[in-house]
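Numbering (the numbering used here), first residue to last: 294 to 662.
Heads up, the beta-carbon is just placed ideally off N, CA and C, and yes, glycines get one too.
Because the structure is a prediction, the values reported are computed rather than measured.
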């Protein structure tokens with residue numbers, strides 16, 4: 294898997310442990326983040342991603358381990374003295390201060406001269422596409438998206454080397470969220486600052502990040518590029534966290550770097566999975582083929598060479614605009630098979646129809662729990 298960082302590391306976290314009483318939130322997490330890199334920390338609630346972010350920011354101290362930022366050990370260095378700034382999920386704008394005072398607050402603490410402060414506030418307005426008349430408004434007079442931009446401007450005005458983002462877009466509606474995601478990506482490219490984003494939304498992480506760190510129960514499960522995470526997930530947890538997908542249980546016999554797989558659902562039709570389509574962490578039990586919904590089709594005639602075909606019944610379908618999602622119940626599988634077909638004008642099958650569905654096992658990915 295591709296895990297090389299883009300540039301020399303600006304953050305080096307080694308063996309980070311965090312205990313809250315008898316509960317261990319982080320189990321020896323090690324992570325390097327490159328200068329100018331966009332890193333996303335993803336995982337379910339309680340996996341430790343926000344705890345790790347707070348340790349980077351200086352709002353929490355690790356129980357054990359070493360954290361270095363720009364080559365300096367951060368032990369005992371308070372948040373205000375670190376080259377990091379954080380944008381919180383609830384933004385934490387001062388309701389009694391104007392937009393101008395909110396954005397300029399970090400510079401006021403640094404006792405920056407008023408002329409320079411005004412110039413930098415103006416530059417932040419331009420960068421965040423905020424109108425000049427907003428300067429005298431209060432947060433309550435702004436939309437959710439405008440408040441988000443003000444929070445980003447306040448975090449960036451002191452020119453931090455690392456911007457830490459704790460699910461800052463989770464409360465926004467879908468349309469505004471997409472717009473701000475695009476702006477955040479552009480902002481990162483223009484500034485060249487290292488960004489670290491915490492999110493439970495892997496789709497958001499894949500859109501924005503150079504690399505993704507998937508966490509579970511206080512540990513790093515996989516670290517890699519979005520392509521790594523999507524096409525070469527370490528295990529079923531990572532693959533399933535990306536979104537809806539299908540796992541077809543198979544028996545495996547290894548032959549060098551390749552693997553021969555069989556399934557009773559397709560009889561004696563064995564397939565050979567190439568080494569590059571096999572997880573590096575493949576175990577000997579609970580092995581399965583990862584079959585993406587977009588790789589499955591309805592088979593109305595003869596099967597293609599090497600194609601595996603399953604018989605089933607349409608359980609439900611959902612029109613998604615540019616595509617249609619089908620759920621097909623296949624005897625012998627615990628869960629319905631999910632399919633995504635392009636288009637939604639002509640529906641090839643309806644609920645309760647008996648259907649044949651096919652996919653190519655050699656184009657699937659072999660993994661385990």
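Using a Cβ-Cβ cutoff of less than 6 Å, which residues in the same chain neighbour residue i once the five nearest sequence positions on both sides are dropped?
i: residue 377; result: 350, 453, 455, 457
i: residue 741; result: In the structure displayed, the chain extends from 294 to 662; residue 741 sits before or after that span and is not available.
i: residue 544; result: 555
i: residue 437; result: 465
i: residue 553; result: 546, 563, 565
i: residue 595; result: none
i: residue 470; result: 462
i: residue 413; result: 450
i: residue 403; result: none
i: residue 361; result: 305
i: residue 542; result: 581
Report the residue from the options whose alpha carbon sits nearest the alpha carbon of residue i.
i: residue 384; options: 393, 497, 462, 408; result: 462
i: residue 483; options: 315, 419, 628, 655; result: 419
i: residue 410; options: 587, 373, 451; result: 451
i: residue 641; options: 489, 423, 519, 590; result: 590
i: residue 342; options: 416, 435, 413, 494; result: 494
i: residue 430; options: 403, 398, 393; result: 393
i: residue 391; options: 637, 435, 382, 406; result: 435
i: residue 381; options: 628, 446, 300; result: 446
i: residue 560; options: 603, 662, 366, 592; result: 603
i: residue 574; options: 311, 422, 662, 627; result: 662
For residue i, list the residues DSSP reports as bridge partners.
i: residue 465; result: Note: residue 465 sits in no beta bridge, so no partner.
i: residue 624; result: The partner list for residue 624 (beta bridge, DSSP) is empty, contrary to what the question assumes.
i: residue 586; result: Looking at the DSSP assignment, residue 586 forms no beta bridge with any residue, so it has no partner.
i: residue 619; result: 610, 632
i: residue 492; result: 335
i: residue 364; result: In the DSSP output, where bridge partners are listed per residue, residue 364 has none listed.
i: residue 311; result: 319
i: residue 551; result: 548
i: residue 647; result: 606
i: residue 352; result: Beta-bridge pairing links residue 352 to no other residue.
i: residue 652; result: 601
i: residue 564; result: 554
When the Cα atoms are used, what is the spatial distance from residue i to residue j?
i: residue 643; j: residue 617; result: 12 Å
i: residue 314; j: residue 368; result: 20 Å
i: residue 444; j: residue 396; result: 7 Å
i: residue 621; j: residue 400; result: 59 Å
i: residue 530; j: residue 408; result: 53 Å
i: residue 304; j: residue 347; result: 14 Å
i: residue 515; j: residue 426; result: 46 Å
i: residue 512; j: residue 624; result: 36 Å
i: residue 668; j: residue 344; result: Summary: the structure shown does not reach residue 668, with the chain confined to residues 294 through 662, and so no result is reported for it.
i: residue 523; j: residue 442; result: 30 Å
i: residue 487; j: residue 481; result: 8 Å
i: residue 415; j: residue 370; result: 31 Å
i: residue 468; j: residue 479; result: 17 Å
i: residue 613; j: residue 637; result: 8 Å
Leaving out five residues before and five after residue i in sequence, what residues of the same chain have Cβ atoms less than 7 Å from its Cβ?
i: residue 568; result: 550, 551
i: residue 492; result: 333, 335, 460, 498
Below 8 Å CB to CB, which residues in the same chain sit around residue i once its five sequence neighbours on both sides are set aside?
i: residue 302; result: 325, 326, 327, 328
i: residue 474; result: 462, 497, 500, 501
i: residue 308; result: 321, 322, 323, 357, 358, 359
i: residue 652; result: 584, 588, 589, 590, 600, 601
i: residue 597; result: 651, 653
i: residue 363; result: 303, 376, 454
i: residue 485; result: 329
i: residue 526; result: 515, 532, 535, 572, 583, 658, 660
i: residue 509; result: 336, 337, 340, 530
i: residue 586; result: 537, 538, 539, 618, 631, 632, 633
For this session: Would you check if the stretch 606 to 616 and the stretch 634 to 653 touch, i.e. whether three or more CB-CB distances between them fall below 8 Å?
Result: The count of Cβ pairs closer than 8 Å, one atom from the stretch 634 to 653 and one from the stretch 606 to 616, reaches three, so the stretches are in contact.
Exercise. Can you find at least 3 beta carbon pairs, one from the stretch 625 to 633 and one from the stretch 532 to 547, that sit closer than 8 Å?
Worked result: Flag = yes, the stretch 625 to 633 and the stretch 532 to 547 touch.
Exercise. If we count Cβ pairs, one from each stretch, closer than 8 Å, do we get three or more for the stretch 329 to 343 versus the stretch 496 to 509?
Worked result: The stretch 329 to 343 vs the stretch 496 to 509: in contact.
Exercise. So, do the stretch 344 to 359 and the stretch 311 to 325 have three or more beta carbon pairs nearer to each other than 8 Å?
Worked result: As far as the Cβ criterion goes, the stretch 344 to 359 touches the stretch 311 to 325, which means the pair count is three or higher.
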